[in-house]
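Sequential numbering of the sequence shown, starting at 1, is according to full-length UniProt numbering.
Where a beta carbon is used, it is the ideal one built from N, C-alpha and C, also for glycine.
Below is one structure; the comments refer to it alone.
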Amino acid sequence: MSRSALLDPVLAPVWRGLGEIPDGWGRCVVTLGVFDGVHRGHAHLIGSAVRLGRARRLPTVLVTFDPHPAKVLGLPRDTAALSTVERRAELAHQLGVDAVCVVPFTAALARVEAGDFAAQVLVGALHADAVVVGSNFTFGHRGTGDVDALRRLGEEHGFSTHPVGLLHAVGTPCSSTYIRGCLARGDVVAAARALGRPHRVDGVLFLAGEVVGAEVVVAEGAAVPAPGRYVGRLTGTVGRPVDLEVTAAGRLFVRLPGRAADLAGQSVAVDFLRRGEDR
């Protein structure tokens, strides 16, 4: 695969598992994590990896895990998805990443020791020349590997390790956990500040009667804001913002007078801009 192809955002590949990495894949800069939402903190980390890759004249590969590790491990955490894997890859490509590798997170992978993960994934599959991670990064069985362990493994296997400090904006912790909390209380403006853009939910639009207009059926586990009324935007449509309503059951409705029939059955993306007035 030529370097010009790697740097073309249209051609930048998404590998569904390590088995899809092309034969003959060479050295690269790797950054890895869940990257759910690809928020401002993630962008800070990804930007460091991309700059390092360009300095070394190597492609940058983002490794993400799906489903969320905490969900597989049964940890008591909110794992509502801030973005689909496809959206994650799209945002990563916009930030300059050359390829995205989606690694299925399974119970078996969770049992892999840190040293084996480095040898099998970072070196054996990806041929990492450098690994860029957040300063709080952990990996391997029970999270026993940290940045210091990664650095030692890098010295053993021939890759450099580059920890990046977490991004702290004034009054805005840039973390997926913080953003989920904002959405849970309906504060979509605060969520947008941490994300660097409005929170987006993807789904399929279905007619739902004259009163509510249309329903956007979203994937199970998507991070839908708290019940209430919102002002939003449907991507791919032209015109003024639309009224949204999230029900107590987490269903999402959009009011599109005179236009719902034209969009019925189509995939849509809904951006939440602000709270609406409750009626």
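For threonine 64, the beta-bridge partners assigned by DSSP are Val102.
Excluding the 5 residues flanking it on each side, phenylalanine 65 has same chain C-beta neighbours closer than 6 Å at Val34, Val103, Phe105, in chain order. Its chain contains Ala226 as the residues whose beta carbon lies nearer than 7 Å to that of arginine 185, once the 5 sequence neighbours on both sides are disregarded; these appear in chain order.
By the criterion of at least three beta-carbon pairs nearer than 8 Å, the region 35 to 46 is in contact with the region 148 to 168. Three or more beta-carbon pairs separated by less than 8 Å are not found between the region 69 to 86 and the region 264 to 279, which leaves the two stretches without contact.
Leucine 122 and arginine 40 have their alpha carbons spaced roughly 25 Å apart. Shortest Cα-Cα distance from phenylalanine 159 to any of Ala128, Arg180, Arg275, Ser176 involves Ala128. Across the structure, leucine 195 and tryptophan 15 are spaced so that their CA atoms are roughly 25 Å apart. Valine 188 and histidine 199 have their C-alpha atoms spaced approximately 7 Å apart. A straight line joining the alpha-carbon of arginine 275 with that of histidine 162 spans about 40 Å. The Cβ-Cβ distance between leucine 153 and valine 97 does not fall below 7 Å. By the Cβ-count criterion, aspartate 148 is exposed, with fewer than 16 other Cβ atoms from all chains shown falling within 10 Å of its own Cβ. The criterion of a C-beta distance shorter than 7 Å is not satisfied by valine 242 and valine 224. Beyond the five residues adjoining it in sequence on each side, histidine 157 comes within less than 7 Å, by CB distance, of Ala118, Ala119, Val123 in the same chain, given in chain order. Residue environment analysis places leucine 52 among the buried positions, since at least 16 neighbouring C-beta atoms fall within 10 angstroms of its C-beta. Annotation for alanine 192: Pro198, His199 place their beta carbon closer than 7 Å to its own, counting only its chain and skipping 5 residues before and after. DSSP, read as helix, strand or coil, puts phenylalanine 206 in strand.
Per DSSP, reduced to three states, the secondary structure at proline 69 is helical. The Cβ atoms of valine 217 and valine 204 lie closer than 7 Å to each other.
Bridge pairing for arginine 142: absent [DSSP]. Under the 10 Å beta carbon count, threonine 144 is surrounded by fewer than 16 other beta carbons and is classified as exposed. Taking C-beta atoms as the reference points, glycine 232 and aspartate 271 count as a pair closer than 7 Å. Look at histidine 162 here: in three-state DSSP terms it is strand. Per DSSP, arginine 180 is one residue of the alpha helix (DSSP H) stretching across 176 to 184.
When secondary structure is reduced to three states using DSSP, histidine 39 falls in the coil class, being assigned neither helix nor strand.
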